[in-house]
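By UniProt numbering, the letter at position 63 of the sequence shown is numbered 63, and the numbering carries on one by one without gaps. Have a look at the structure below before the remarks.
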Amino acid sequence: MTGTVLVTYGTTNGSTARIAGAIADVLRGEGLTVEALPARSVASVAPYDAVVAGGGVYAGRWQKHARRFLRRHRRALAERPLWLFSSGPLDASAAERDIPPVPGVKKAMAELDAREHVTFGGCLEEGAKGPVARMILRNGKGGDFRDFTAIRTWAAHVAHELTHEGA
Ligand SMILES: Cc1cc2nc3c(=O)[nH]c(=O)nc-3n(C[C@H](O)[C@H](O)[C@H](O)COP(=O)(O)O)c2cc1C
């Protein structure tokens, strides 16, 4: 593919941003031109030929900027190759099995004809915002469950699809 890939993310505590950064690095390494941006900073999807979008999961929904991104840009997204990822579970479950998208993302996938969705483990560490986050941390249920090997493997697969289809 010639053209530019947008990798965008909705994050509250920063862990989804690092996942997006790792995905962008792999795509660049495969020779693609990539822009990585927070979802709330994307004014238009028009400059991009393909999109990878991700969101942290909060109480069964994508983080709000990620949700808004899908809603605001739905027409342009429906016309472009689109991959979605979530970052959520604060345990090993994402490494053990496929975790389906939350209902809102599942619906968006169908509406936007997204190629794929994957759930990666999440991360919650000291300094996270909000009383519920602090309670989870107090109860010893935080931690970093992101698997950067799995993230890079998935990104390489996306790159392969983009570079082999002339999208
Ligand atoms: C208040 C709160 C609610 C959460 N709800 C969910 C949830 O419903 N499902 C899930 O898989 N993870 C949930 N998590 C874990 C987050 O998705 C995880 O920490 C994620 O990596 C956060 O992304 P971010 O750092 O990019 O904001 C929750 C975390 C917090 C603090």
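Built from N, CA and C at the ideal position, the CB exists for glycine as well.
Could you round the C-beta distance between residue 122 and residue 93 to whole angstroms and report it? I think they count as a contact, below 8 Å.
-> Contact between residue 122 and residue 93 does not hold, since the beta-carbon distance rounds to 10 Å and is not under 8 Å.
Under three-state DSSP, which class holds residue 148?
-> DSSP places residue 148 in the helix class (H, G or I) of the three-state scheme.
Secondary structure at residue 92, three-state DSSP: helix, strand or coil?
-> Reduced to three states, the DSSP call for residue 92 is coil.
Candidates 12, 18 and 24: which alpha carbon is nearest residue 157's?
-> The candidate whose alpha carbon is nearest that of residue 157 is 24.
If you count every other CB in all the chains shown that lies within 10 Å of the CB of residue 13, and 16 or more means buried, which is it?
-> It counts as buried.
Using the DSSP secondary-structure output, state which residues sit across from residue 54 in a beta bridge.
-> 9 and 85.
Grab the span of the beta strand (DSSP E) containing residue 116 for me, first residue to last.
-> Segment 116-120, the beta strand (DSSP E) holding residue 116.
What did DSSP end up calling residue 153 once you bin it into helix, strand or coil?
-> Judged by DSSP in its simplified three-state form, residue 153 adopts helix.
First through last residue of the alpha helix (DSSP H) which encompasses residue 110 | That run of the alpha helix (DSSP H) goes 103-112.
Determine the direct distance from the alpha carbon of residue 17 to that of residue 4, and round the result to whole angstroms.
-> Rounded to whole angstroms, residue 4 to residue 17 spans 19 Å at the Cα level.
Measure the C-alpha to C-alpha separation of residue 141 and residue 90 and round it to an integer number of angstroms.
-> Going by the C-alpha atoms only, they are around 7 Å apart.
Measuring CA to CA, which of 139, 108 and 119 is closest to residue 100?
-> Between residue 100 and the set 139, 108 and 119, the nearest pair of CA atoms involves 119.
Within its chain, find whatever has a CB closer than 6 Å to the CB of residue 37; leave out the 5 residues flanking it on each side and keep chain order.
-> Excluding residues up to 5 positions away in sequence, 8 lie with their Cβ nearer than 6 Å to the Cβ of residue 37 in the same chain.
Do three or more CB pairs link the segment 67-77 to the segment 26-34 at distances below 8 Å?
-> By the C-beta criterion, the segment 67-77 is judged not to be in contact with the segment 26-34, since fewer than 3 inter-stretch pairs fall below 8 Å.
In angstroms with no decimal places, state the Cα-to-Cα distance between residue 129 and residue 136.
-> About 11 Å.
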